[in-house]
Structures are given as structure tokens and as C-alpha cells.
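The next block holds one structure in the form of C-alpha cells; read it before the comments.
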Amino acid sequence: DTAVSQTPKYLVTQMGNDKSIKCEQNLGHDTMYWYKQDSKKFLKIMFSYNNKELIINETVPNRFSPKSPDKAHLNLHINSLELGDSAVYFCASSQRLQGLFYEQYFGPGTRLTVT
Amino acid sequence: LAKTTQPISMDSYEGQEVNITCSHNNIATNDYITWYQQFPSQGPRFIIQGYKTKVTNEVASLFIPADRKSSTLSLPRVSLSDTAVYYCLVGDIERGGSARQLTFGSGTQLTVLP
Numbered sequence: 018d019t020a021v022s023q024t025p026k027y028l029v030t031q032m033g034n035d036k037s038i039k040c041e042q043n044l045g046h047d048t049m050y051w052y053k054q055d056s057k058k059f060l061k062i063m064f065s066y067n068n069k070e071l072i073i074n075e076t077v078p079n080r081f082s083p084k085s086p087d088k089a090h091l092n093l094h095i096n097s098l099e100l101g102d103s104a105v106y107f108c109a110s111s112q113r114l115q116g117l118f119y120e121q122y123f124g125p126g127t128r129l130t131v132t
Numbered sequence: 008l009a010k011t012t013q014p015i016s017m018d019s020y021e022g023q024e025v026n027i028t029c030s031h032n033n034i035a036t037n038d039y040i041t042w043y044q045q046f047p048s049q050g051p052r053f054i055i056q057g058y059k060t061k062v063t064n065e066v067a068s069l070f071i072p073a074d075r076k077s078s079t080l081s082l083p084r085v086s087l088s089d090t091a092v093y094y095c096l097v098g099d100i101e102r103g104g105s106a107r108q109l110t111f112g113s114g115t116q117l118t119v120l121p
């Protein structure tokens with residue numbers, strides 16, 4: 018029944034490692050997003066895909082690479098992890114705008130801790 | 008890119024009406040204003056969205072003045088369970104329907120006291 022799911026929920030790793038976070042949505046949405054929330058609760062968009070096409074690519078180090086194998090999945094791969102990458106990463110999805118309104122559905126978040 | 012500014016925190020008592028204002032002086036013509044609620048250890052949850060004037064749903068109202076440089080989220084008769092962080096989001100809806108340049112505000116921590 019989970020609309021937007023992420024795995025893993027917690028991820029603890031060492032500097033320099035490569036890790037991936039997976040996201041899946043079963044809402045039939047065609048747009049998916051990755052957000053980063055730091056310790057001060059600032060919520061910043063990183064990427065957005067619409068129908069598997071990258072439409073938002075904010076100022077994010079190229080160590081972060083999103084991959085969308087299909088409309089229901091948007092994975093986040095991070096290379097050479099750094100201490101500053103420690104944060105909670107949220108996946109979200111929404112339906113392409115129809116009429117005037119849309120809303121994003123967020124996953125539960127993945128807490129990444131880099132040691 | 009519309010930047011938003013919100014109060015960092017607000018306190019209220021149960022049963023009171025709470026108004027949280029978000030400033031977005033550089034809002035663009037195509038931008039919609041959306042508010043989200045976030046509880047600890049959870050993802051944000053959509054509350055309400057509007058473009059101008061007033062929008063009301065079963066949980067909140069959104070007031071947007073004519074110049075659209077600010078918006079106010081109104082929560083009627085709050086309860087303890089409304090304690091959360093509230094985010095103001097200004098999004099650019101392009102022709103074709105894809106959302107771009109989504110910018111969340113810093114969020115307002117609302118604490119409802121008994």
C-alpha cells in the first residue's frame with residue numbers, strides 16, 4: 018500500500034565509499050524527485066525526472082547521479098561519499114500538471130550517515 | 008528563482024487559529040504556492056496549493072494577496088497533533104505541465120501547547 022517507498026531507511030558508511038538509494042512509487046505518477054534535507058531542516062531539491070527525462074538538475078556535485086530505469090523508479094547513486102553528504106534524502110513523486118494543481122508525495126526518507 | 012522567507016518558529020495553544028506567512032517577493036507569473044507539513048522522521052505532506060486570492064480545503068485556508076508577494080497559511084483550531092514544520096513552496100509550472108525550480112522555504116516550526 019506504500020505510495021512512495023525508499024530503501025534503505027538508514028545507511029551508515031565510510032568516506033570514499035559508493036552507495037545507492039532506491040525509490041519506487043506505485044501511484045502511476047510520471048514525475049519523480051530527489052530532495053536533500055540537512056541537519057538544519059532545509060529541504061533542497063536535487064533532481065527531478067519527468068517520464069524518465071531529467072528536467073531539474075540543481076547545483077549538486079557530479080558525484081551524485083540519478084538513474085530512472087522506468088517511470089516508477091528513481092534511484093540515487095553517490096560516489097566517493099564525503100562527510101558533508103550526511104543528511105536525510107527524500108524521494109517524491111507527482112503527476113504531470115493537469116488543470117491547475119499538482120502535489121508531491123514524499124517517501125519516508127533515507128538517513129545517510131558518512132563517518 | 009523565487010526565494011521564500013518564513014518565520015523560524017511559532018507557538019500557539021490548542022483551539023486557536025494559527026496564521027503562518029511566507030514572503031516570496033520575486034514570485035514569477037507562472038508560480039504556484041504550495042504548503043507542506045512535516046512531522047519528525049517523516050516526509051513532507053501536501054496541505055494546500057493556490058495561485059491567487061483564497062483557497063480552502065478541509066484542513067486549511069490559503070490567502071494570497073493581489074500582488075502575490077506573500078501568502079498566509081491559516082490553520083483553524085489547532086490541536087497538539089498539528090505540531091510540525093510547515094514549508095512554503097513556490098514552483099514554476101511550465102507550459103506542458105512539468106514543475107521546475109521548486110524552492111522550499113526554511114520552514115516554520117509550529118508548536119501547539121496544551
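Residue numbers (my numbering), protein chains in the order written: chain A, 18 to 132; chain B, 8 to 121. Don't be surprised by glycine CBs; every beta carbon is placed ideally from N, CA and C.
Next on the checklist: Within the continuous beta strand (DSSP E) that includes residue 101 (chain A), where are the two ends?
Outcome noted: Counted as a single uninterrupted DSSP element, the stretch harbouring residue 101 (chain A) is not any beta strand (DSSP E), since DSSP gives it neither H nor E.
(Q) In the DSSP output, what is residue 109 (chain A) paired with across the bridge? (A) DSSP output for residue 109 (chain A) lists A:50 and A:123 as bridge partner(s).
Can you tell me which residues form a DSSP beta bridge with residue 56 (chain B)?
B:41, per the DSSP bridge assignment.
- [ ] Determine, using beta carbons only, whether residue 31 (chain A) comes closer than 8 angstroms to chain B.
- [x] Answer no: the Cβ-Cβ gap between residue 31 (chain A) and chain B never drops below 8 angstroms.
Worksheet entry | Helix, strand or coil at residue 86 (chain B) according to DSSP, with G and I counted as helix | In the three-state DSSP reduction, residue 86 (chain B) falls in the coil class, being neither helix nor strand.
Let's see if you can read the secondary structure: which residues bound the beta strand (DSSP E) around residue 47 (chain B)? First-last for residue 47 (chain B): undefined, no H or E at that position.
Q) Roughly how many angstroms lie between the CA atoms of residue 36 (chain A) and residue 92 (chain A), to the nearest whole one? A) Distance between the alpha carbons of residue 36 (chain A) and residue 92 (chain A): 11 angstroms.
Query - Own chain residues within Cβ distance below 7 angstroms of residue 134 (chain A), not counting five before or after - result: The requested residue 134 (chain A) does not occur in the structure, where chain A is confined to residues 18 to 132.
Residues bridged to residue 128 (chain A) by DSSP?
-> DSSP lists A:27 and A:105 as the bridge partner or partners of residue 128 (chain A).
### Nearest candidate by alpha-carbon position, reference residue 89 (chain B), set B:27, B:111 and B:33
For the options B:27, B:111 and B:33, the alpha carbon positioned closest to that of residue 89 (chain B) is the one of B:27.
**Message:** On the CB-based measure, 16 or more other CB atoms within 10 Å of its CB, does residue 97 (chain A) come out buried or exposed?
**Reply:** By the 10 Å Cβ count, residue 97 (chain A) comes out exposed.
Practice task
Note down, in chain order, every chain A residue with its Cβ under 7 angstroms from the Cβ of residue 113 (chain B).
Solution key: Correct list: 59.
Does DSSP put residue 20 (chain A) in a helix, a strand or coil? Note: residue 20 (chain A) maps to coil in three-state DSSP.
#### Entry: Proximity test, Cβ basis, 8 angstroms: residue 107 (chain A) and chain B
Between residue 107 (chain A) and chain B, the shortest Cβ-Cβ separation is below 8 angstroms.
Does the distance from the CB of residue 42 (chain A) to the CB of residue 110 (chain A) come in under 8 angstroms? Cβ atoms of residue 42 (chain A) and residue 110 (chain A): closer than 8 angstroms.
Are the stretch 62-69 of chain A and the stretch 28-35 of chain A touching by the rule of at least three beta carbon pairs closer than 8 angstroms?
Here the stretch 62-69 of chain A makes no contact with the stretch 28-35 of chain A; the two share fewer than three CB pairs at distances below 8 angstroms.
Q | Cβ neighbours of residue 102 (chain A) in the same chain (closer than 6 angstroms, five flanking residues each side left out) | A | The beta carbon of residue 102 (chain A) is closer than 6 angstroms to those of 131 in its chain, skipping five residues each way along the sequence.
| query | If we cut at 8 angstroms on Cβ distances, does residue 22 (chain B) have a partner in chain A? | reply | No, residue 22 (chain B) does not count as interfacial toward chain A.
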